[in-house]
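Okay, so here's the structure we're looking at.
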Amino acid sequence: MSTAPGRTVGVDVGGTFTDLFFYDEAERRFRTAKVPSNRGDEAVGFMGGLATFGPVSELSSIVHGTTVGTNALLERKGARIGLITSRGFRDVLEMRRRDRRHTWGLWGDFTPVVDRDLRIEVAERTHADGSVVTAIDPDEVAAAARTLAAKGAQALAIVFINAYANPANEQAALAAAAAAWPNANIACSSQILPEIREFERTSTTALNAYLQPVVGSYLQKLDGALQAGGFAGRFHIVQSNGGIMSTATARRLPVRTALSGPAAGVIAAAAIAREAGFPDVITGDLGGTSFDVSLVVGGETALAPQTTIDFGLVVRTPMVEITTIGAGGGSIAHVDAGGLLQVGPHSAGSRPGPVCYGQGGDRPTLTDANVVLGRINAARPIGGKLASLDVEAAKAAILRDVGAPLGLDAHAAAEAIVRVADGKMAGAIRLVSIERGHDPGKFVAVPFGGGGALHVGALIKDVGLKGALVPRYPGVTSALGCVIADIRHDQVQTVNLTLAGLDAATLDRRMVSEAAAARAVVEDAGLAMERIDLVFELDMHYVGQTHTIAVPLPVTLTQSPVGDTTGVTAELIRTAFDRAYQASFSRLLPDVPVKIVNLRTAAIGRRPRFDLAALAPGPEASMERAGQGRRPVWFDGGWYDTAIFSRLELPVGAVVPGPAVLEQPDATTVIDPDLVARVDALGNVIVERKQSSSASQEAAS
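The letter at position 113 of the sequence shown is residue 193 when you use the working numbering, and the numbering goes up by one with no holes.
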């Protein structure tokens, strides 16, 4: 099951920085690095970061969290693609679910990722029961493929109505089209999402094609750079569900990388918080471009069956539930036509970057505001590329674009920028907590990314959280997540069965078959694993309902002389459905028949446990070594004489009352005057209100 322990590097490429976490599994030692990203040619930053750990030829595996797919979707910079579909279903992508970006008005303003002249209908019809009424004409399909290629399409998607029930027509069309198509960027919906609901299936398949040339080219460039460096190990990609997959799978299913980078961070943050004794947390990843929030309850990340990347861009594949807003360190601050201060969603990125970087940026950002307020040390910027930051240039830009229009001096304007950004972050946290019925007072924030810990005080106070846990290396948390993430492959198949009179033996055979296929993908990953878990889930509803609920099945795959079996029964399924429905709606409908819509199967290769105690401070850490003097830092309208510490030199058990700033190479943590921080046994910084800390000390005594 396992491969020999080796040297693994997790790489998270963001819009501003590339973060890396190196782990030697045999010697149980690690190193971190943070280098500037090279937007447009990310391989430069990628290889530059790897070089800090020595020759790449000595690495056994690299696991990469990427935002290339996310950015291509958000910025509409995917490939020009064609679509071949059943006659009468050419406009599924435009009709969507009859929703519209703006509720009122005579015209819509949504443009599908496939232009209408690149959507071609062919004669074919399969009924919902799987019976083929009209078989495809291979010559007609091949002609359609040649037409689309001649019009400049770089990838081809084939989606036939009811192909989930019987893929025969689709697969025949795929074979006919492939013979006439000029490249490997071609797929049909039964390969991508063999699931009922034509819009979601069409959207997911089309977006997969939209990303294939972009993600494929990116991975090919990285592969080439790695091979040129002598790398002979395994190269893997983080999926949106928090698991990892091979680059071959990523090229075939790039749509599964849509939230790759943020998902890795949530996996690491959940593991760190769980080990530290905080099972209920709200993660907040503040990078250069965005703020990504996710809820973790009982130590488990929440998976959503689908997500909307942007209006009309629906991806139906399991993803870690993440809410993203445009409020990162590079988010640009401006005063709008109505005289209101706005921060984001546009970002300065890494090039030209914030004004204080001195690389041509002339519009003030959130990072510029934190520099002007003294919260970021201008003499020791993170990332290693810049020797210092230009405070005066940042101050001048803030005064010009924000201070003058609002009648504020530079410092008051900088504080206003921070407060507006804090308000947007607090709103995102409320969205995933209060608005979903969770009491934020029972949750701890886990801020990470390059800028998350700068705003830890606002996250606690503005939302009413219990406290915050800042990981030992917040700036490279997503890279750590790449290293500790399990290997995972998800499959879905529409079955459309009624529970009454269920043929459990037939369903059992289908579950065994799906499990074998998913397991084979995980086994092919070639990474060290302790075991492979198989998880089964059904999408079910009462007959007459439109939407389904997820029903986990408490079964395991077991071997027997006559073959593998899950032991599933109609009674077991009914009990599981009642439990799930009761938990969601607090009532049952006992006289209404129940239907099984989809079978979901996941194979999860459990990676060897990463001992987070390895991140803890060593015996040489002390308050004396950590102390770095004092400097003025702006809080709540004025300057405070603030203690400065080298965060990585703080010993276990250290208590640091605010105001204080904890600095380290990958991030900065700001402790407000009314907060106190302590270092736990794993090296995490726990931040609480001062009165809360006193109360807990009295309780302990």
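Where a beta carbon is used, it is the ideal one built from N, C-alpha and C, also for glycine.
Residue i CB to nearest heavy atom of the ligand GTP below 7 angstroms
i: residue 106; result: With respect to the ligand GTP, the structure shown offers nothing to examine, as it has no ligands at all.
Beta-carbon gap between residue i and residue j smaller than 8 angstroms
i: residue 481; j: residue 443; result: yes
i: residue 161; j: residue 237; result: yes
i: residue 341; j: residue 565; result: no
i: residue 98; j: residue 89; result: no
i: residue 525; j: residue 362; result: yes
i: residue 574; j: residue 275; result: yes
i: residue 93; j: residue 146; result: yes
i: residue 453; j: residue 498; result: yes
i: residue 112; j: residue 130; result: no
i: residue 708; j: residue 724; result: yes
i: residue 676; j: residue 742; result: no
i: residue 637; j: residue 648; result: no
i: residue 318; j: residue 351; result: no
i: residue 596; j: residue 571; result: no
i: residue 176; j: residue 392; result: yes
i: residue 603; j: residue 681; result: no
i: residue 335; j: residue 288; result: yes
i: residue 174; j: residue 202; result: no
i: residue 261; j: residue 230; result: no
i: residue 505; j: residue 371; result: yes
Where residue i falls: helix, strand or coil (DSSP)
i: residue 317; result: strand
i: residue 98; result: strand
i: residue 479; result: helix
i: residue 293; result: helix
i: residue 770; result: helix
i: residue 492; result: helix
i: residue 748; result: strand
i: residue 114; result: strand
i: residue 340; result: helix
i: residue 720; result: strand
i: residue 764; result: coil
i: residue 216; result: coil
i: residue 325; result: strand
i: residue 466; result: coil
i: residue 754; result: coil
i: residue 426; result: strand
i: residue 103; result: strand
Cutoff 8 angstroms: residue i Cβ touching any chain B Cβ
i: residue 737; result: Absent here is chain B; the protein component of the structure consists of one chain.
Residues bridged to residue i (per DSSP)
i: residue 238; result: 164 and 268
i: residue 184; result: Bridge partners of residue 184: none, in fact.
i: residue 679; result: 573 and 618
i: residue 421; result: 415
i: residue 145; result: 92
i: residue 547; result: 524
i: residue 712; result: 721
8 angstroms contact criterion, which residue i and residue j should meet: CB distance rounded
i: residue 652; j: residue 631; result: With 8 angstroms as the limit, residue 652 and residue 631 do not qualify as a contact, their Cβ atoms being about 11 angstroms apart.
i: residue 688; j: residue 715; result: The Cβ separation is near 44 angstroms, so there is no contact.
i: residue 135; j: residue 310; result: 7 angstroms
i: residue 285; j: residue 245; result: So it is not a contact: roughly 16 angstroms between Cβ atoms.
i: residue 199; j: residue 163; result: 5 angstroms
i: residue 447; j: residue 410; result: 6 angstroms
i: residue 449; j: residue 413; result: 7 angstroms
i: residue 291; j: residue 158; result: 6 angstroms
i: residue 728; j: residue 356; result: Going by Cβ atoms, the distance from residue 728 to residue 356 rounds to 17 angstroms, so no, they are not a contact pair.
i: residue 235; j: residue 293; result: 6 angstroms
6 angstroms CB neighbourhood of residue i in its chain, flanking five on each side removed
i: residue 270; result: 243, 247 and 250
i: residue 538; result: 502
i: residue 757; result: 736, 751, 765 and 767
i: residue 690; result: 564
i: residue 479; result: 490
i: residue 37; result: With the chain covering only 81 through 781, there is no way to say anything about residue 37.
i: residue 347; result: 322, 561 and 565
Cβ-based neighbour list, residue i, same chain, cut-off 7 angstroms, excluding 5 preceding and 5 following
i: residue 523; result: 360, 361, 362, 513, 545 and 546
i: residue 358; result: 524 and 549
i: residue 661; result: 629 and 668
Close Cβ partners of residue i (< 8 angstroms) along its chain, the five nearest in sequence each way excluded
i: residue 382; result: 374, 375, 376, 400 and 401
i: residue 415; result: 421, 422, 481, 482, 485 and 486
i: residue 105; result: 85, 86, 87, 88, 608 and 688
i: residue 470; result: 435, 436, 437, 438 and 458
i: residue 746; result: 99, 112, 114, 462, 530, 553, 554, 555 and 556
i: residue 780; result: Bear in mind that the predicted position of residue 780 carries a pLDDT of just 37, short of 50, making it unreliable; the figure below should be weighed with that in mind. There are no such residues.
i: residue 713; result: 453, 454, 455, 719, 720, 722, 739, 741 and 750
i: residue 623; result: 578, 672, 673, 674 and 675
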